[in-house]
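Trainee: Here you go, one structure.
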Ligand code: GTP
Ligand code: MG
């Protein structure tokens, strides 16, 4: 038997064929739907069971982030909460910054499987300068949102078996000083409150007296309010849990004690911390708020924490990220703006920018070429000038040498002439000398004979 559409719905379906937006059709359909009573059992009352079966089959995931200074009992509390032993070694505390370490576990209770991630902020508060301590925590949370967003934006999505690593709750461990919150606590919680559900807890609550604890709780809450830090409020809109959640909201921050040690009290083994003066029972509500925390975190509000993470914190991240990328739901006239239109607008904007950039680059190229050209011309002119100068210098030098050569030639000629004249004179002198000698010889001979 096929369901017959009621009159109003059929009318709407006809109109939807033309221009009506799908969302508007859906809205009008739901408004126009008539209430009918069934004459027999159909079976859709099993929807909740179907949902439960499917969820049980898929299993659940829950990711807890523990933030708090070194040695506040973070690991011990996790072990106590889940009744198991997670990590063996204590965190290292000699690193320059805060390091995030995530450990994944698979737990099973009855037939329900839980993929649990415990994320630890190692070295938080160990540094002298604590200004940047929150940064790596914020970055880690954002990175998990980004990974989910990237998966969502993929064409082929596998969200049904995607390992969701988004942080569902941040347990913020406050040192049991009895005074006030440290600025590190306030700054970190303020930076985290729009990204994650924060549940503040007073750690090692056995080291603070009952009266002091009450005052400390009031002080912490008033400081959180005055600094505008939004912590997670257990939801009171579901009437099945409204009462317990309302009461528990008044107990925040929970003062907890952790221990994996079991001690025999009466004839029962109980988790407790034993001191020379007595025993602190972890699960005794007169001793601490451990049971309240476990109830609120795991038994009552685990699903709400997961839902708030998705609908509030992830949604905010996604919105900011998409807006940053230029996507918007409405145009400047407040008219709906589809993804296609956004894409086209963005593409045109991008192409415009690309053209502008191209034009700028072209102009820059032309300018650079002109610059280079004028530089080259300048260099060429300088070279020509230099060549002319050198040529002139060479000619001058050549002329000087020629003049010098000429004067030397003249000198040589004059010298030669003088030399010839001197030689002539000398030979004449020699000639006249030898004639006189001959004459005297003749005279002497002549006188001798006489
Ligand atoms: P790091 O990982 O090194 O930062 O330390 P942590 O915060 O994980 O602390 P851890 O659980 O290792 O506990 C540190 C010490 O505190 C251990 O000796 C625990 O036994 C002790 N401790 C843990 N919880 C409590 C508590 O509730 N009260 C008291 N008094 N001691 C506790
Ligand atoms: Mg630890």
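In this note's numbering, the protein residues as written are 45 to 494. Cβ atoms here follow ideal geometry from the backbone N, Cα and C, with glycine treated the same way.
Give the range of the alpha helix (DSSP H) segment to which residue 285 is assigned.
Mentor: Taken as a continuous stretch (DSSP letters only), the alpha helix (DSSP H) holding residue 285 covers 283 to 293.
Trainee: How long is the line joining the alpha carbons of residue 425 and residue 419, rounded to whole angstroms?
Mentor: C-alpha separation (whole angstroms): 10 angstroms.
Trainee: As a quick exercise: from 229, 121, 183, 147, pick the residue whose alpha carbon is nearest that of residue 174.
Mentor: Checking every option, the nearest Cα to that of residue 174 belongs to 229.
Trainee: Select from 224, 217, 272, 444 the residue whose C-alpha is nearest the C-alpha of residue 168.
Mentor: Of 224, 217, 272, 444, the residue nearest in Cα terms is 217.
Trainee: Could you tell me whether the Cβ atoms of residue 353 and residue 212 are closer together than 8 angstroms?
Mentor: Contact: yes.
Trainee: Okay, do the region 87 to 96 and the region 144 to 157 touch, 3+ Cβ pairs below 8 angstroms being the bar?
Mentor: Counting Cβ pairs under 8 angstroms, fewer than three are found: no touch.
Trainee: Name the residue from 185, 272, 209 whose alpha carbon lies nearest to the alpha carbon of residue 161.
Mentor: Minimum Cα distance to residue 161 is reached at 209.
Trainee: Using 8 angstroms for Cβ pairs, my map puts residue 192 next to residue 242. What's the rounded Cβ distance?
Mentor: In fact, because the Cβ distance is near 20 angstroms, the residues do not count as touching under 8 angstroms.
Trainee: So, using beta-carbon positions, are residue 334 and residue 128 closer together than 8 angstroms?
Mentor: Against a cut-off of 8 angstroms, the Cβ pair of residue 128 and residue 334 comes out as no contact.
Trainee: Return yes when the Cβ of residue 267 is within less than 8 angstroms of the Cβ of residue 224, no when it is not.
Mentor: The answer is yes: Cβ separation under 8 angstroms.
Trainee: If you follow the alpha helix (DSSP H) that residue 120 is part of, which residue opens it and which one closes it?
Mentor: Taken as a continuous stretch (DSSP letters only), the alpha helix (DSSP H) holding residue 120 covers 118 to 126.
Trainee: Go through its chain and collect everything with a Cβ distance to residue 107's Cβ below 7 angstroms, but skip five positions before and after it.
Mentor: Only 161, 163, 209, 210, 211, 212 meet the Cβ criterion.
Trainee: If you follow the beta strand (DSSP E) that residue 364 is in, where does it begin and where does it stop?
Mentor: Element bounds for residue 364: not the beta strand (DSSP E) but the alpha helix (DSSP H), 359 to 368.
Trainee: Just to confirm, does residue 118 get its C-beta within under 7 angstroms of one of the non-hydrogen atoms of the ligand MG?
Mentor: Yes; taking the cut-off as 7 angstroms, the Cβ of residue 118 has a heavy atom of the ligand MG nearer than that.
Trainee: With respect to 7 angstroms, is the separation between the Cβ of residue 147 and the closest non-hydrogen atom of the ligand MG below this value?
Mentor: The answer is no for residue 147.
Trainee: Measuring only the C-alpha atoms, how far is residue 313 from residue 303?
Mentor: When rounded, the distance between both Cα atoms is 13 angstroms.
Trainee: Answer with buried or exposed for residue 485, where buried requires no fewer than 16 other C-beta atoms within 10 angstroms of its C-beta.
Mentor: So residue 485 ends up on the exposed side.
Trainee: Let me confirm a value: residue 478 is counted as buried when at least 16 other C-beta atoms fall within 10 Å, else exposed. Which label applies?
Mentor: The residue is exposed, with fewer than 16 neighbouring Cβ atoms inside 10 Å.
Trainee: Under 7 angstroms from any heavy atom of the ligand MN, does the C-beta of residue 129 make it?
Mentor: Absence of the ligand MN from the depicted structure is noted, with the ligand GTP and the ligand MG being the only ligands included.
Trainee: Using beta-carbon positions only, say whether residue 215 and residue 110 come within less than 8 angstroms of one another.
Mentor: Taking 8 angstroms as the Cβ cut-off, residue 215 and residue 110 qualify as a contacting pair.
Trainee: With DSSP as the reference, please indicate the residues paired to residue 312 in a beta bridge.
Mentor: Paired residues: 309.
Trainee: If residue 144 sits next to residue 88, beta carbons under 8 angstroms apart, how far is it from one beta carbon to the other, in whole angstroms?
Mentor: About 45 angstroms; that fails the 8 angstroms criterion.
Trainee: Counting only runs that start and end within the region 411 to 484, where is the beta strand (DSSP E) found for 3 or more residues in a row?
Mentor: The qualifying runs do not exist here; there are none.
Trainee: State yes or no: is the C-beta of residue 336 within less than 8 angstroms of the C-beta of residue 329?
Mentor: Closer than 8 angstroms, so yes.
Trainee: Using a 10 Å radius around the Cβ and a threshold of 16 neighbouring Cβ atoms, would you call residue 233 buried or exposed?
Mentor: The residue in question, residue 233, is buried, as its Cβ has 16 or more Cβ neighbours within 10 Å.
Trainee: Measuring CB to CB, does residue 298 end up less than 8 angstroms from residue 245?
Mentor: Going by C-beta atoms, residue 298 is nearer than 8 angstroms to residue 245.
Trainee: Quick one: does residue 233 have its CB under 8 angstroms from some CB of chain D?
Mentor: No chain D appears in the structure shown, which is made up of a single protein chain.
Trainee: Pull the bridge partners of residue 149 from the DSSP assignment, please.
Mentor: Answer by DSSP bridge pairing, in chain order: 160.
Trainee: On a Cα-Cα basis, can you pick out the residue from 332, 351, 359 that is closest to residue 252?
Mentor: The option with the nearest alpha carbon to residue 252 is 332.
Trainee: Which residue from 383, 462, 220 puts its Cα closest to that of residue 260?
Mentor: Looking at the Cα atoms, 220 is the closest of the given residues.
Trainee: For residue 164, verify whether its CB is less than 7 angstroms away from any heavy atom of the ligand MG.
Mentor: True, at least one ligand heavy atom lies under 7 angstroms from that Cβ.
Trainee: My output table needs one value for residue 513: the three-state DSSP class, helix, strand or coil.
Mentor: The question about residue 513 has no answer, for the chain in this structure spans 45 to 494.
Trainee: Measuring alpha carbon to alpha carbon, tell me which residue in 284, 402, 270, 295 is nearest residue 258.
Mentor: Looking at the Cα atoms, 295 is the closest of the given residues.
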